[in-house]
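Heads up: the structure comes next, in structure tokens.
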Amino acid sequence: MKIFDFALITDENIDPDVVAHLRRFGFDVLDIKESGLQASTDEEIIRIGNQTRRVIVTEDRDFCRIIFTQNPEFTGVVYFRPGSFFSAYHLATLEGLLESNPDLESPFFITAERQNNKLRIKVRNAMPGPSAD
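If you read the sequence shown in my numbering, its first letter stands for residue 1017, the second for the next number, and so on.
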């Protein structure tokens, strides 16, 4: 699958310009702030994302810790490593990620980081969490 095959859920730290940009690319985006869910814990966002089959887009590195230590069920995470408070910085990172359009198998964890005008993308497949039977 490709990133364009997934619906997204954007964490509260994702700038509205980035959310709008994702929608212009044709993504179905559930934004935490617009939905009035900004007080949700990271675990709740993971649960919502899993229940709705959405990939979480975040700048919060706690998602990495939760995913790889608690092993919850999830669809995917795109983690933009922070480095700027300017939306243009994250838009450039987003565009680079979308251009690279990596092959993905759910569940996955993508780290996208921009350093010195170079984009580094790391894709990790994760083991699915325990079954919710």
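Every residue gets a Cβ at the ideal spot worked out from N, C-alpha and C, and that includes glycine.
DSSP puts Y1095 in a beta bridge; with which residues? Numbered from 1 along the sequence shown, position 79 holds the residue referred to as residue 1095. Per DSSP, T1074 and T1127.
Exposed unless 16 or more other CB atoms sit within 10 angstroms - verdict on N1141: Taking the sequence shown and counting its residues from 1, the one referred to as residue 1141 is at position 125. Exposed, since its Cβ has fewer than 16 Cβ neighbours within 10 Å.
Nearest-angstrom beta carbon gap, Y1095 and I1126 [assumed within contact, 8 angstroms]: Numbered from 1 along the sequence shown, position 110 holds the residue referred to as residue 1126. Numbered from 1 along the sequence shown, position 79 holds the residue referred to as residue 1095. Indeed they touch by this definition, with Cβ atoms about 7 angstroms apart.
Quick check on F1090: buried or exposed, where buried means 16 or more other Cβ atoms within 10 Å of its Cβ? The sequence position of residue 1090 within the sequence shown is 74, counting from 1. That one is buried.
Take every Cβ of the region 1078 to 1092, pair it with every Cβ of the region 1117 to 1131, and state whether three or more of those distances are shorter than 8 angstroms. yes
My understanding is that E1028 touches Q1054, with C-beta atoms under 8 angstroms, so please give their C-beta distance in whole angstroms. By one-based count along the sequence shown, residue 1028 stands at place 12. By one-based count along the sequence shown, residue 1054 stands at place 38. With a Cβ gap of about 4 angstroms, E1028 and Q1054 count as contacting.
Runs of alpha helix (DSSP H) lying entirely within the region 1046 to 1073, each at least 4 residues, in chain order: 1058 to 1067
Helix, strand or coil: how does DSSP classify L1038 here? Stepping through the sequence shown from its first residue, residue 1038 is reached at position 22. In the structure shown, L1038 sits in a helix (DSSP, three-state: H, G or I).
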